[in-house]
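Each residue of the sequence shown is one higher than the one before, starting from 195 at the first, in this note's numbering.
Positions of the beta carbon are idealized from the N, C-alpha and C atoms, including for glycine.
Computed from a prediction, not measured in an experiment: that's the story for all the values here.
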Amino acid sequence: MGRIQRIWIDERETPPGLGALTRIRSFSEIRDGVLTPLQRLKEQYPDSKIFYSNSNSAFEKTFFERNPKISEYDGKDVDLIIRPEEFLPWKSLESVGKNIDQDLENHKDLRKWARKLKVKSGDFQVVGKSKHVHIHPSAKIYPGVVIDVTSGPVIIDKDAKVTSFSFLEGPLYIGQGTHVDNARITGNTSIGNVCRIGGEVGDSIILDFTNKHHEGFLGHSVVGSWVNLGALSTTSDLKNNYGVVKIREEHTEITTGSIKFGSIIGDFSKIGIGVMLNTGTVIDFGCNVVSSKASGYLPPFVWADGQPYILDLFLRDSRKIMARRNRELSHSESELIRILYETKVRK
195 MGRIQRIWID ERETPPGLGA LTRIRSFSEI RDGVLTPLQR LKEQYPDSKI
245 FYSNSNSAFE KTFFERNPKI SEYDGKDVDL IIRPEEFLPW KSLESVGKNI
295 DQDLENHKDL RKWARKLKVK SGDFQVVGKS KHVHIHPSAK IYPGVVIDVT
345 SGPVIIDKDA KVTSFSFLEG PLYIGQGTHV DNARITGNTS IGNVCRIGGE
395 VGDSIILDFT NKHHEGFLGH SVVGSWVNLG ALSTTSDLKN NYGVVKIREE
445 HTEITTGSIK FGSIIGDFSK IGIGVMLNTG TVIDFGCNVV SSKASGYLPP
495 FVWADGQPYI LDLFLRDSRK IMARRNRELS HSESELIRIL YETKVRK
């Protein structure tokens, strides 16, 4: 096989199942291990040129602003094409453990952390070989934490904090600045940067700046950024008849091919206290869910009473929330949200 010199991320079409997670980000920017698929490509092929295309010019503009070293596809032959069909949520969940192992192998800095790690009596406890625990020197792990690496590595990134009575099972990645408090996190899970995590989480992908800080179960689910899951909100990830889970997105029904699949929750959505999410629930971008149960598909910007979340109020609230983390929406992201609102709510 020849050398990979030109890579094309072809996102001109978004397959059903990925819509709720890709309203303002590319599928290639969804962290599904230690890294995103885009970051992984850069690690694997450091000398290659990466191109990108999307049928939405406003989306392309936003993508290139975030990724200035990626070029617009020039129509010429490429050595490798990456398309979103291989990154559907249920496929990404299946790949988390493998991706963590691969990212660890390719990322030399992560392996250096293990050599600096000192497990002292009276501090946290490691079940399995401590060489599979990779903790950044700036991370803080409290006494009484149990880290189980018998099924895969546990990676805790810069400035993360894990407080007492938490149980962490690998393969697991915990992102920079994330706080884990009194949580039980089971394997094949990737948690992004600056999240707040408590309760029970397993086999899930949680993107940056998302809070699930209280009791409640999140399983076999993919959760976007700037999401808040209220206390005791819980996902079902297995049907009572053990049947294969199907999801709906807009007017399309999709079979996941798996009997274990929870929910998809889009960016900026809020799940109220005690909400039960039925197996295969899809919550799209910018929703506010407070009813006791949710199921099926909720389109973008659905407010608590079923009325649309007024766009200017949504943008005001989002800016307020982001300011607490010293972040802000870019102008192009705001425009992309306006276009989504015009297309999905005022159509």
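Residue of the options minimising C-alpha distance to residue i
i    : options                   : result
S427 : Q238, V483 and I341       : V483
H328 : V421, D317 and V343       : V343
D297 : Q319, L471, H414 and V348 : V348
K355 : G346, I335 and L366       : I335
N405 : L232, W420 and P331       : W420
W202 : L215, A214 and D273       : D273
K352 : F318, Q319 and C389       : C389
N434 : F455, V417, D461 and R378 : F455
H407 : Q370, Y436, I465 and I218 : I465
L507 : R532, Y491, S526 and R521 : R532
R260 : E223, L235 and D511       : E223
Own chain, CB closer than 7 Å to residue i, minus 5 neighbours either side, in chain order
i    : result
P210 : E443, T446 and I448
F359 : G338 and N376
V313 : Only weak support is given to the placement of V313: the predicted model assigns it a pLDDT of 49, under 50, and the value that follows is read from those uncertain coordinates. So the list reads V320 and S324, once near-sequence residues are dropped.
G322 : D342, V343 and T344
Through-space distance from residue j to residue i, alpha-carbon basis
i    : j    : result
G518 : S265 : Checking the displayed sequence, the identity of residue 518 turns out to be Arg instead of Gly. Cα to Cα, R518 sits roughly 33 Å from S265.
Y535 : L505 : 7 Å
W497 : N422 : 15 Å
Q233 : K263 : 12 Å
P493 : D295 : 35 Å
E279 : G291 : 19 Å
Q199 : S220 : 22 Å
E299 : Y367 : 14 Å
Q370 : F361 : 18 Å
I276 : S485 : 39 Å
R513 : N248 : 26 Å
K270 : P231 : 22 Å
N472 : M516 : 29 Å
S251 : I379 : 39 Å
K302 : F462 : 34 Å
S452 : G460 : 21 Å
Whole-angstrom C-beta distance between residue j and residue i, which should lie under 8 Å
i    : j    : result
D375 : G392 : 5 Å
T256 : L530 : 5 Å
Y267 : F245 : 4 Å
G480 : F495 : 5 Å
A214 : D402 : Contact flag wrong, Cβ pair sits at about 17 Å.
V539 : P502 : 5 Å
I467 : V416 : The Cβ separation is near 22 Å, so there is no contact.
Own chain residues within Cβ distance below 8 Å of residue i, not counting five before or after
i    : result
S528 : L509
T372 : D351, A354, K355, I385, G386, N387, V388, C389, R390 and I391
F258 : Y246, I264 and E266
Close beta carbons around residue i, own chain, < 6 Å, minus the five adjacent residues each side
i    : result
T450 : W284 and V439
G410 : G393, L426, S427 and T428
K487 : M470
S430 : N472 and T473
Beta carbon proximity, residue i to chain D, threshold 8 Å
i    : result
E522 : Although the question refers to chain D, the structure presented lacks it and comprises just one protein chain.
Q) Quick one: any contact between the region 285–295 and the region 236–243, if contact means 3 or more CB pairs under 8 Å? A) no
(Q) Can you confirm whether the region 391–405 touches the region 437–453 when touching is taken to mean that 3 or more C-beta pairs between the two stretches lie within less than 8 Å? (A) no
**Q.** Cβ contact check for the region 376–385 and the region 220–237: 3 or more pairs under 8 Å
**A.** yes
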